[in-house]
Amino acid sequence: MYPVLCWMFPVWMLVPLAGVGQEAPTLAQLAERAIEKSHSLANAELDIQSERETRRGIRETYLPHVEANGKFAHVNANVLVDLPTTTLPLLNIPLFDGSERFQSRGNLWTSDITASAVLFTGTKAPKLGKALDQKIRAQEIMLEKRRQEIMDQVSTAYDQLALLRQVQNVLEESQKRLDIEKKTAEKAFGYGLITSYELNKLDVAEATFAAKKQEYEGKRGLLLQQLHQLTDVPVDSLALIEHTLQPYSLAATSEGIANRPEVAALDAAIEANRYKLQAERAHWIPQVQALARVGYYGLTNGSLKTPYTLPVSGQPVQLGIDRLQAFPSYMVGVGFRWNLFDGMQGKRAVNKAKIEVTKAENERQEAEELLNLNLVKAQTEYELANKQLTTGQTRLNTAKNALNIAQKESRVGLIKPAERITAETDYQAAALDYYQTVFNQRRAAYRLLMATGNLTLEKLN
């Protein structure tokens with residue numbers, strides 16, 4: 212028994228205790244996990260990969276194409292020949308006396324290996340490649356916008372958790388004070404100093420606190436599930452988050468929208484459309500291609516029946532071929548295609564490309580106007596949120612002082628329990644409003660960071 216126990220002891224020591232070593236993730240860690248997990252962001256990156264494959268295809272335009280072909284055909288045909296009549300010398304046999312029919316048959320064999328390579332595309336391929344490069348650049352820039360949206364979404368849920376935590380603290384503090392007040396009120400009721408109505412007021416307040424606590428638990432559980440869905444972080448780890456809401460102070464800055472991803476992406480889109488326009492304008496330039504081919508061409512079991520007969524024997528004249536082949540047959544050359552007139556299709560394509568350039572420029576101008584307006588709105592909301600923060604702090608301090616006075620006066624019987632509950636309710640409302648104001652101020656700060664395009668993982672707190 213002793214050896215067995217000695218062997219089991221270290222194994223038991225190696226088993227980790229549940230919950231030990233777990234740490235609450237930070238906001239930056241959660242945002243990073245959400246970015247890694249985001250399916251929409253992953254699909255956007257796949258779209259970029261797809262465009263890169265298309266870009267590689269354009270670069271490979273000049274690579275040779277090699278193909279092998281093989282064919283077999285059995286030919287059986289009646290050939291009608293109508294040529295001027297001629298006579299064979301010496302034999303005095305007329306040939307091609309009017310229309311003559313010949314019967315032919317045979318087996319045709321062909322096979323070849325052909326290599327072709329584009330030498331010049333009329334500058335179209337390079338310009339289309341540059342257009343695609345700019346399109347990919349625009350897509351890559353827009354990934355940053357998606358990342359910022361994910362960071363804002365995660366930080367909102369994170370701050371909501373902190374807000375609920377502050378609500379819980381306020382409710383717990385109020386519950387403690389209410390418990391003390393209820394004991395005092397019950398003694399006063401026993402001495403006949405207060406009525407049962409006034410005592411019931413405390414019961415109503417207790418029920419109200421209990422309902423708010425249940426509401427808090429439900430909202431907190433929902434937020435934990437939302438963060439879990441966004442980040443794949445276990446709910447147990449998320450439940451350890453103890454974040455205190457603090458105002459987010461931003462340094463005064465005159466930054467505009469130059470860092471917004473949308474601006475750079477639209478600039479790249481304009482360049483892409485301009486390169487596409489240049490490519491369409493090259494429709495009249497000839498294209499050059501090189502070709503090389505080696506092949507086998509053969510005829511077997513061929514025959515040709517004529518309507519003529521031999522002069523002495525009277526036998527029909529027939530020609531036969533057992534085998535006729537051409538191998539190896541080489542062909543090397545360079546060809547070009549010059550579209551001299553395409554029925555105005557090239558001009559229409561150029562006009563459409565011009566329209567797309569103008570549309571992209573209009574979209575860029577409109578986006579700049581809207582982004583500037585959004586920046587002004589974000590700055591105004593941030594300044595207003597800071598002012599409301601100061602007002603909320605003043606109201607909270609006033610309500611706190613009033614509560615302290617009500618507590619002291621309630622102990623010496625200067626005010627009734629109903630008045631004491633009113634002071635508690637006023638303080639509770641002021642505290643909850645203040646923390647909601649802090650939450651709103653933080654959201655305004657994040658919106659201002661997004662409005663200037665400066666929201667990064669390092670600026671999450």
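Going from the sequence shown to my numbering is simple: count from 1 and add 211.
Ideal placement from N, C-alpha and C gives every residue a C-beta, glycine not left out.
Keep in mind it's a predicted model, so treat the numbers as computed, not measured.
query: Look at the alpha carbon of ARG270 and the alpha carbon of GLU473, and state the distance between them as a whole number of angstroms.; result: 28 Å
query: From this set, LEU294, LEU435 and ARG504, which residue's C-alpha is nearest GLY309's C-alpha?; result: LEU294
query: Taking the CB atoms as reference points, tell me whether THR272 and ILE496 lie closer together than 8 Å.; result: no
query: Who are the near neighbours of GLY525 in its chain, counting only those whose CB is closer than 7 Å to its CB and skipping five residues on each side?; result: none
query: Would you say LEU668 and ALA239 are within 8 Å of each other, going by their C-beta atoms?; result: yes
query: Assuming the contact rule is C-beta atoms closer than 8 Å, VAL329 and GLN500 should be a hit. Round their C-beta distance to whole Å, please.; result: 5 Å
query: Report the rounded CA-to-CA distance for ASP323 versus PRO275, giving the unit in angstroms.; result: 16 Å
query: Please determine, among GLY531, ALA462 and HIS494, the residue with the shortest C-alpha to C-alpha distance to ASN512.; result: GLY531
query: Roughly how many angstroms lie between the CA atoms of ALA642 and LEU607, to the nearest whole one?; result: 6 Å
query: Would you mind reading off the limits of the alpha helix (DSSP H) that contains THR663?; result: 628-663
query: In whole angstroms, what separates the C-alpha of TRP320 from that of GLY506?; result: 11 Å
query: Does LEU274 get closer than 8 Å to chain B when you measure Cβ to Cβ?; result: Protein chains in the displayed structure number just one, and chain B is not present.
query: Can LYS430 and LEU375 be called in contact, C-beta distance under 8 Å?; result: yes
query: Straight-line CA distance for GLU278 to GLU577?; result: 51 Å
query: So what's PHE538 in DSSP terms, helix, strand or just coil?; result: strand
query: Using beta-carbon positions only, say whether TYR486 and GLN345 come within less than 8 Å of one another.; result: yes
query: So what does ASN318 bridge to, in DSSP terms?; result: HIS285 and THR511
query: With a CB to CB cut of under 6 Å and the five nearest residues on each side skipped, what residues in its chain are close to HIS454?; result: ALA373
query: In this structure, does DSSP put LYS448 in helix, strand or coil?; result: Sequence inspection shows Ser at residue 448; the Lys mentioned does not correspond to that position. If DSSP states are grouped into helix, strand and coil, SER448 belongs with the helices.
query: Let me know if MET362 comes out buried or exposed under the rule of 16 or more other beta-carbons within 10 Å of its beta-carbon.; result: buried
query: Under the assumption that LEU438 contacts ALA368 (Cβ atoms under 8 Å), give the Cβ distance between them as a whole number of angstroms.; result: 5 Å
query: Run the CB neighbour count on PHE650, radius 10 Å, all protein chains shown included, and call it buried at 16 or more, exposed below.; result: buried
query: Looking at the unbroken alpha helix (DSSP H) that takes in SER261, where does it start and where does it end?; result: 250-270
query: State the Cα-Cα distance for the pair THR298 and PRO518, rounded to the nearest angstrom.; result: 15 Å
query: What are the partner residues of VAL545, as DSSP defines its beta bridges?; result: ALA501
query: Return the residue from the list LEU433, ALA450 and GLU311 that minimises the CA-CA distance to GLU234.; result: ALA450
query: What did DSSP end up calling SER366 once you bin it into helix, strand or coil?; result: helix
query: Helix, strand or coil, according to DSSP, for TYR519 in the structure here?; result: strand
query: I need the straight-line Cα distance from PRO539 to ARG504, nearest angstrom please.; result: 10 Å
query: Any chance the region 377-395 sits against the region 632-642, with 3 or more Cβ pairs inside 8 Å?; result: yes
query: What is the DSSP secondary structure of VAL226, counted as helix, strand or coil?; result: For VAL226, the pLDDT reaches just 37, beneath the cut-off of 50, and the residue's location in the model is therefore unreliable, although a value from the coordinates is still provided. If DSSP states are grouped into helix, strand and coil, VAL226 belongs with coil.
query: Among residues of its own chain, excluding the 5 on either side of VAL587, which ones have a beta-carbon nearer than 7 Å to its beta-carbon?; result: none
query: So, using beta-carbon positions, are LYS412 and PRO628 closer together than 8 Å?; result: yes
query: Using 8 Å as the threshold, is the C-beta distance between GLU482 and ALA564 below it?; result: no
query: Using a threshold of 8 Å, state whether the C-beta atoms of GLU579 and ILE452 are closer than that.; result: no
query: Can you check DSSP and say which residues form a bridge with VAL587?; result: For VAL587, which the question treats as bridged, DSSP gives no partner whatsoever.
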